[in-house]
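K.L.:
Can you read through this structure? Questions will come right after.
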Amino acid sequence: MTNKPSKGRLFLIDGNSFCYRAFYAIQGLANSKGEPTNAIYGFVTMMRKLVSDHKPEHIAVCFDPKGKTFRHEQYQDYKAHRKPMPDELVSQIEPIKEFCRLSRFAIYEKPGFEADDVIGTIAVAAKKTGMETFIVTGDKDAFQLVDDRIKVLQPHKDNLVYDIEGVKKKYSGLGPEKIVEILALMGDASDNIPGVPGVGEKTALKLMRRFGSVENLLKNLEEISSEKIRSSIKENEQDLRLSLTLAAIDTSVPVEIDWESLKLGEPDEAGLTEFFRRYEFRGLLKQTAPVGEEDKSKRDYRTVTDMTGLEELAGKLRKADAFSFDTETTSSNPMKAGLVGMSFAIEPFTAFYVPVSCPEHPGPGILRGDVLELLKPVLENSKIGKYGQNIKYDVIVMARHGVRLRGVIFDTMIANYLIDPIKRNHNLDDLSLEHLGVKKIAIENLVGEGKNRISMAEVPLAKISEYACEDADCVFRLVPVLKKKLKAADLNDLYERVELPLANVLAKMEMNGVALDTGFLKELSVKVSGEIEELVKKIHSEAGEEFNLDSPKQLAEILFVKQKLPATKKTKTGYSTDAGVLEKLALSYELPRKVLEYRERAKLKSTYLDALPEMTNPFTGCVHTSYHQTTTDTGRLSSSEPNLQNIPVKTDAGRLVRRAFIPRKRDGRPGRIVSADYSQIELRILAHFCRDPNLVRAFEEDRDVHAFTATLLYGVKESEVTRSMRTVAKTINFSVLYGKTSFGLSQDLNISIREADDFIRNYFERYSAVKNFLEAQKEKAKKEGCLTTILGRKAYFPNIRSSNVALRNYAERAAINAPLQGSAADLIKLAMLRIQERLEKEKDGCLMIMQVHDELVFDSPADEAEKLGRMVKKEMEDAYSLKVPLKADVSTGMSWYKD
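For the sequence shown, this note's numbering assigns the number 5 to the initial residue and increments by one for each residue that follows.
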């Protein structure tokens, strides 16, 4: 031993126990490189919580060494049946130890001895000094070490602490000194400690309470009433004595204890920040202490409050090759946001904030008209580059204030999304922390939260200025970092040719908006309300009583208890009544079918019929949805307020919602809605990739691909294909795209798994190149961790090599679909860019107003609709040259509704 121990509590952590618990508690977590990180993350959070809850003065984490221990010498089969540590956990042990070192947790590990032995040795040594020790483990073996100065702590059981009395309570009055003998009698299957066959914990406790010790038990075997137990002990006496040795923790391990190193010192915050960044623990990154303090001393942030300062700033901007730009506004909705101020950065650590004063929010600042007049030429100069974070927002805000922002050459949010598409958030706070080590000022620090939230226009000037300058500064400093990463990932072309220019197209679409027939929606809402009331009456009548249809618990009681329908799924709170369960029941029973109808209409009414009119902008009379480029793994766009992707199309009532989307009024000039939809885009991309002769032929000959597939599956002529045959073929075609199993297909078609398996086997016999391609994709994903789309977009599959079968199967299905879906996203984005360029050149009053999945929707003057349809069809079909033709179907009408 070295050094003198100091006073305080010592916490000894069973490192392997923590590692295993963390590994199995969190499934599927991996970084963007596909490296498993679940055990690391779990271990980190458990240890940080332990330290936070108990604030130990001394701490050590003890690990099992590699190789065999002295117990293997005593018993060759010791732990012989235990499965080896999973490879995914093995790869995380060293990072876990690195975390311990950065956190200033002492690490102990002794070849030839288990962690339990090292823990026991340190605990006994600490006891001699008068130190109180807590052994942190879930292993019952540790109870044998408990005494007046040593306790066992089990954090996973609400920080339950076992002292001497606690052990006695758990083991029916038997104290810690009897634990080894109890364990020896019981044996331990996980460690392959033999024990006595037929003796479990209950019997072991009974024997120990009666005889007091194993030795006394062996001397008085004739007093055991059970012949079976008596014979088993007698026949296995040698194993019992061996088990006594194996179960005993060695407290005299020759380990040097450095008491000074056991003191819990200040963690290496910079090292931890880098560690969390490396393993992509963004939530933990936010919890670390700020590491950008040295940057603050370099910062030169200025507030520009007069025309002299503004003219000086304008001069600097005019001379710059590029600058970062950000707006501060009164709303997250750019179509409603009022301009509060603008921030700029032209070099690292230097930024300027220009507060804007206007009638809507007067205050300290320069009059809005003066600011815009002076800065408009710079902002509209396309030769001066602009950087931004979610620059689409700023483009819309400035356009509404009479400034067309030109020269946008970098958007940090979009760049980071391409680099790390499986990351959920790409906000500036996260990017700054992850890439720059800067913990930004949180927006909540300025405007508050909940009921106490204020507008940005109400934030004191000094606060908003620092916040806005920091935004612009961080964006400026992020640009070179992300440019380097884009280049390294070979994503520059996709970024510059597609994603960045698309942001401008989306900004225009959002500003265009979609006109709504609110009167029609109100009429439809009244009609659907009547249908809902009628359905409720019928459901209550059939159920035999009234109940709350919106209560899953009450519905389950009606269906499964009172109606006695077969329950197929149960949750922690009772029988499930989710859509999947009801759809299956609806095939045979009327009541669940009506409940599904009720739910569909109720959702339609609340989400669309009643909500859409409320979303109409009072100044434009249109709904202005927000498109999101950075939220899906595959590159597809999503939308919100409203979510256009979720407007129902499978029911008559749902399709009617589209009738409310109409052309805008053009001073009496009639309008039309023109819709263009890619036909079978993902199957065409599949044909392009796999070159299957049959699939290629179907598209080259412009056949109905589902009917064509039916001819192959059923061995009939296309003229003989029935509707049901085509439906089966269509379902299988799409099942292949989504990597569905025989079970999934059987559920979709309501057939047996064997029948589904026959269909899939038959399908792949006819489309053999498809099968080979899909298998090759899965293998490539396993090998490289990612796949690419037609334009080089990366799709990552971190769980593709997981030992968890469910996670691995899900990743394999994603590996089949993501490159196809991502390529479809690539193509429609290319088409949007081409079409918008044509629209701007031709200036015929036609507007691109919506993008939904593989469909583009336009608002056109009636006399331009036919011409527009031809142009859109050509640009969509010529967007990219596939091995098979691209095909777009165009329709024109008085609304978005298609009969």
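Glycine residues also receive a C-beta, built at the ideal position from the N, C-alpha and C atoms.
Give the DSSP-derived three-state secondary structure of D167 in the structure shown.
P.N.:
coil
K.L.:
Helix or strand or just coil, what does DSSP make of S630?
P.N.:
strand
K.L.:
Quick one, which of A34, D681, L504 has its alpha-carbon nearest W900's?
P.N.:
D681
K.L.:
Using the C-alpha atoms, what's the distance from A324 back to G411?
P.N.:
Taking C-alpha positions only, G411 is separated from A324 by approximately 12 Å.
K.L.:
Quick check: the region 810–827 against the region 740–748, are at least 3 beta-carbon pairs closer than 8 Å?
P.N.:
yes
K.L.:
With the cut-off set at 9 Å, would you say T331 and D415 are in Cβ contact?
P.N.:
no
K.L.:
Between which residues of its own chain and I237 is the CB-CB distance below 8 Å, once the five residues before and five after are set aside?
P.N.:
V200, V203, L221, L222, L225, I228, L244
K.L.:
By Cβ distance below 8 Å, which residues in the same chain neighbour M50 in space, the five residues on each side in sequence not counted?
P.N.:
F22, R25, A26, P159
K.L.:
Consult DSSP for F551 and reduce its assignment to one of helix, strand or coil.
P.N.:
coil
K.L.:
Quick check: the Cα distance between C362 and T620, rounded to an integer number of angstroms?
P.N.:
Answer to the nearest angstrom: the Cα atoms are 25 Å apart.
K.L.:
Please report the Cβ distance between G826 and G639, rounded to the nearest whole angstrom; I am assuming they are in contact, meaning their Cβ atoms lie under 8 Å.
P.N.:
5 Å
K.L.:
Which ranges would you report for the alpha helix (DSSP H) in the region 577–616 if only whole runs of at least 4 residues count?
P.N.:
583–590, 594–608
K.L.:
Indicate the three-state DSSP secondary structure (helix, strand or coil) for V509 in the structure shown.
P.N.:
helix
K.L.:
Strictly by DSSP, which residues pair up with K155?
P.N.:
F138
K.L.:
What is the DSSP secondary structure of I666, counted as helix, strand or coil?
P.N.:
strand
K.L.:
Starting from A519, trace the beta strand (DSSP E) in both directions and tell me its first and last residue.
P.N.:
518–520
K.L.:
So the candidates are K609, A472, L528, L591; which of them puts its Cα closest to the Cα of S347?
P.N.:
A472
K.L.:
With E351 as the anchor, note down where its beta strand (DSSP E) starts and where it stops.
P.N.:
343–351
K.L.:
If you follow the beta strand (DSSP E) that R306 is in, where does it begin and where does it stop?
P.N.:
304–307
K.L.:
Are the beta-carbon atoms of F623 and A519 separated by less than 9 Å?
P.N.:
F623 is not a Cβ neighbour of A519, given a cutoff of 9 Å.
K.L.:
To test your reading of the DSSP string, which unbroken alpha helix (DSSP H) runs of 4 or more residues are found completely within the region 740–789?
P.N.:
746–753, 757–770, 772–788
K.L.:
Candidates P617, L525, Y718, E549: which alpha carbon is nearest L660's?
P.N.:
L525
K.L.:
Do the region 449–464 and the region 381–397 make contact, defined as three or more Cβ pairs closer than 8 Å?
P.N.:
no
K.L.:
Tell me which same chain residues have a C-beta within less than 7 Å of the C-beta of E601, skipping the five on either side of it?
P.N.:
L539
K.L.:
How would you label L498, buried or exposed, when you count the other beta carbons within 10 angstroms and need 16 or more for buried?
P.N.:
buried
K.L.:
How about D18 and I139: do their beta carbons lie closer than 9 Å?
P.N.:
yes
K.L.:
Assuming A702 is part of the alpha helix (DSSP H), what are its boundary residues?
P.N.:
697–704
K.L.:
Out of H628, L164, L248, G675, which one is the CA nearest neighbour of A188?
P.N.:
For the residues H628, L164, L248, G675, the minimum Cα distance to A188 belongs to L248.
K.L.:
Round the Cβ separation of V122 and V257 to the nearest angstrom and send it over; I've been treating them as touching at under 8 Å.
P.N.:
Contact flag correct, Cβ pair sits at about 6 Å.
K.L.:
Do you know offhand how far K206's Cα is from I154's?
P.N.:
26 Å
K.L.:
DSSP three-state call for P865: helix, strand or coil?
P.N.:
strand
K.L.:
Looking at the unbroken alpha helix (DSSP H) that takes in Y923, where does it start and where does it end?
P.N.:
Residue numbering for the chain in the displayed model covers 5 to 903; residue 923 lies beyond these limits and cannot be assessed.
K.L.:
Can you check which of these residues, G373, R404, S176, is closest to K340 by C-alpha distance?
P.N.:
Checking every option, the nearest Cα to that of K340 belongs to R404.
K.L.:
Does the structure place the region 719–728 close enough to the region 851–867 that three or more beta carbon pairs sit under 8 Å?
P.N.:
no
K.L.:
Would you kindly work out how many angstroms separate the C-alpha atoms of L843 and M513, rounded to a whole number?
P.N.:
12 Å
K.L.:
Using a 10 Å radius around the Cβ and a threshold of 16 neighbouring Cβ atoms, would you call L164 buried or exposed?
P.N.:
exposed
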